[in-house]
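Q: There's a structure below that I have some questions on.
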Amino acid sequence: MRVLIIGAGTGGLCLAHGLKKAGVDVALFERDRTPRSMLIGYRVGISPDGSKALHSCLPPEVFTEFVRTTALPPKLINMRTEKYRELLVAELPEQADESRSEKSVSRIAMRTALLGGLDDVVRFDKTFTHFSRNDDGSVTAFFADGTSETGDVLVGADGAQSRVRRQYLPHARISDTGITSIAGKLPLTPENVKLLPPQAERAVTLLYGPRGAFVIIHVMRFETAGVEDDYIMWGFAASHDKFPELKDLSQEQLKQVVLDLTPKFHPDLRELFRLADPRTVFQIKVRTSEPVQPWEASNVTLIGDAVHLMTPGRGIGANTALRDAELLTRKLTEAHHGKNPVTAISEYEREMVRYGFEAVLASREQMDGNGALHKPVIGRVMLAMFRTFLRVTNAVPALKRRMMARDAAERDHVSSAHEVVHAG
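Heads up: the sequence shown begins at 1 in the numbering used here, then just goes up one per residue.
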């Protein structure tokens with residue numbers, strides 16, 4: 001059996017490793033010209049389920065290299081106002097077993113690690129255009145350079161703009177959440193550390209401001225030399241109507257937009273915004289998939305953002321893609337050993353559609369530009385109630401333990417402790 005994978009993102013690389021490890025003939029095609037092309041070096045939070053999937057699919061030496069490239073994991077969830085006033089601070093669960101632990105990793109470092117051992121599998125500068133099914137039951141993928149490849153199974157792992165999905169499930173829709181986000185990075189220096197909110201150095205820090213404004217801060221400190229320079233990353237998000245037209249703005253101008261929208265935020269936070277390296281600043285309009293009714297299985301299937309794009313509201317996109325990769329590896333390995341491939345894919349899709357779109361809806365709840373928090377009057381009331389809830393929970397140990405236990409339980413299904421509840 002030969003499997004063709006389109007897209008060398010997190011899910012595609014994990015799947016390629018899993019299939020190669022199982023002895024399946026696999027080829028992966030990526031449109032980027034080089035391994036580091038088009039990558040923005042922002043952080044990815046890997047949940048226990050994500051770690052489990054990677055440990056299952058990756059060869060031991062590649063998993064060890066992946067772990068080596070991770071940053072120090074956060075120990076706290078650190079929720080505050082835009083003026084750095086404490087709302088709730090709680091310890092995150094620790095897990096000594098690397099195959100089940102939370103991890104913090106740079107997207108660039110993660111891709112570099114996951115490419116290890118796949119030189120004979122990954123082909124760069126291959127832009128997929130379309131596929132066709134053949135009379136003998138095989139499927140052929142065509143590329144912009146005029147070449148084609150034929151296999152028994154085609155997997156679209158080509159992200160939010162998936163061309164495989166557009167052809168295979170043309171009725172699947174991506175919708176705008178009404179949220180815009182601008183993010184940036186700056187070096188982790190002793191001077192810049194002093195600008196961070198209290199307890200932010202080993203925490204995921206979430207700041208809740210007026211009119212639905214939200215800031216997340218990650219501190220990325222790498223123990224292993226040569227992986228990447230230590231850095232602070234911040235992300236600012238609010239509903240579209242709060243922003244001017246961003247289309248033609250430079251990266252320096254995007255940074256100024258954040259400063260213009262936060263005149264009453266803590267001055268140290270504004271300094272973190274100001275000090276971001278303009279080359280690292282980017283903006284996105286947050287989008288998400290609309291749930292799709294189950295479809296008849298075939299020898300074409302999808303994983304990750306190609307099928308269930310979700311907002312960053314709960315940090316579960318990459319982890320759900322890894323879960324897809326682990327599940328599809330198991331099912332295609334069964335097909336490699338004799339099960340009908342379409343039956344195997346049908347079993348994968350039945351499970352993936354259920355948990356994948358559960359995750360889509362959970363992440364959408366946390367980033368909805370039409371939500372009450374973004375409204376002028378009711379938003380102030382909702383923000384006050386939300387802050388009061390967090391303060392009360394923070395003051396009552398039993399409530400705090402219950403909240404963290406609930407989040408841990410949800411994490412076993414679709415979530416990562418790195419992104420607890422975001423209001424919005």
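Just so you know, even glycine gets a beta-carbon here, dropped at the ideal spot from N, CA and C. From a predicted model like this one, the values you see are computed outputs, not experimental measurements.
Is it the case that the segment 355 to 374 contacts the segment 44 to 54, given that we only count it when at least three CB pairs across the two stretches are under 8 Å?
A: no
Q: Applying the criterion that 16 or more other CB atoms from any shown protein chain within 10 Å of the CB defines a buried residue, is Asn-443 buried or exposed?
A: As shown, the chain starts at 1 and ends at 424. That puts residue 443 outside it, with no answer to give.
Q: Report the residue from Val-219, Val-360, Val-3, Arg-163 whose alpha carbon sits nearest the alpha carbon of Val-44.
A: Val-219
Q: Once DSSP output is grouped into helix, strand and coil, what is the label at Glu-86?
A: strand
Q: With distances taken between CB atoms, is the gap from Ala-183 to Tyr-84 smaller than 8 Å?
A: no
Q: Measuring alpha carbon to alpha carbon, tell me which of His-17, Gly-156, Gly-9, Val-26 ends up nearest Val-3.
A: Val-26
Q: From Glu-365 to Gly-313, what distance separates their C-alpha atoms?
A: 8 Å
Q: Roughly how many angstroms lie between the CA atoms of Val-193 and Gln-256, to the nearest whole one?
A: 21 Å
Q: Note down, in chain order, each residue of its chain lying with its Cβ closer than 6 Å to the Cβ of Val-421, except the 5 sequence neighbours on either side.
A: Residue confidence is low: Val-421 scores 35 on pLDDT, short of 50, so the model does not pin down where it sits. Its coordinate-derived value is still stated next. For Val-421, where only same-chain residues beyond five positions count, there are no Cβ hits under 6 Å.
Q: Only counting runs of 3 or more residues, tell me where the beta strand (DSSP E) segments fall wholly within the segment 151 to 184, in order along the chain.
A: 153 to 156
Q: According to the neighbour-count rule (16 or more other Cβ atoms, all chains shown, within 10 Å of its Cβ), is Lys-264 buried or exposed?
A: Exposed.
Q: Who are the near neighbours of Phe-66 in its chain, counting only those whose CB is closer than 8 Å to its CB and skipping five residues on each side?
A: Leu-54, Leu-58, Val-105, Met-110, Ala-113, Leu-114
Q: If you draw a straight line from the C-alpha of Glu-296 to the C-alpha of Ser-346, how long is it?
A: 8 Å
Q: Distance check for Leu-28 and Phe-124, CA to CA, integer angstroms please.
A: When only Cα atoms are considered, Phe-124 and Leu-28 end up about 9 Å apart.
Q: Considering Cα atoms alone, identify which of Gly-9, Lys-20, Asp-49, Pro-48 is closest to Pro-35.
A: Gly-9
Q: Exposed or buried, what is Met-385 when buried is set at 16 or more other beta-carbons lying within 10 Å of its beta-carbon?
A: Under this definition Met-385 is an exposed residue.
Q: Return the first residue and the last residue of the alpha helix (DSSP H) that Phe-357 is part of.
A: For Phe-357, the uninterrupted alpha helix (DSSP H) segment begins and ends at 341 to 366.
Q: Which value, in whole angstroms, describes the spacing of the CA atoms of Cys-14 and Leu-188?
A: 30 Å
Q: Tell me the DSSP secondary structure of Val-421 in three-state form.
A: Low confidence applies here, because Val-421 scores a pLDDT of 35, under 50, leaving its location unreliable; read the following figure in that light. Residue state, collapsed to three classes: coil.
Q: Check Cys-14 in the structure and name its three-state DSSP category.
A: For Cys-14, the three-state secondary structure derived from DSSP is helix.
Q: Would you call the segment 86 to 98 in contact with the segment 218 to 233, where contact means no fewer than 3 C-beta pairs closer than 8 Å?
A: With a cut-off of 8 Å, the segment 218 to 233 and the segment 86 to 98 do not count as touching, because too few Cβ pairs lie within range.
Q: Cα-Cα, which of Gln-161, Ile-179, Gly-178, Thr-180 is closest to Ala-172?
A: Gln-161
Q: Is Ser-416 helix, strand or coil by DSSP?
A: In this predicted model, Ser-416 has a pLDDT of only 40, less than 50, meaning its place in the structure is not dependable enough to derive any value.
Q: Could you give the DSSP three-state label for Gln-283: helix, strand or coil?
A: Taken through DSSP and simplified to helix, strand or coil, Gln-283 comes out as strand.
Q: Report the CB separation of Ile-6 from Phe-128 in whole angstroms; it is logged as a contact under 8 Å.
A: Rounded, the Cβ-Cβ distance is 5 Å, consistent with contact.
Q: What does DSSP give as the partner residue(s) for Thr-235 in the beta ladder?
A: Before going further, note that residue 235 is Gly rather than Thr in the sequence given. DSSP output for Gly-235 lists Ala-183, Ile-216 as bridge partner(s).
Q: Can you tell which of Pro-244, Met-382, Gly-12 has the C-alpha that lies nearest to the C-alpha of Tyr-208?
A: Nearest in C-alpha terms to Tyr-208, of all of Pro-244, Met-382, Gly-12, is Met-382.
Q: Report the partner residues of Tyr-208 according to the DSSP bridge assignment.
A: Thr-81, Phe-214
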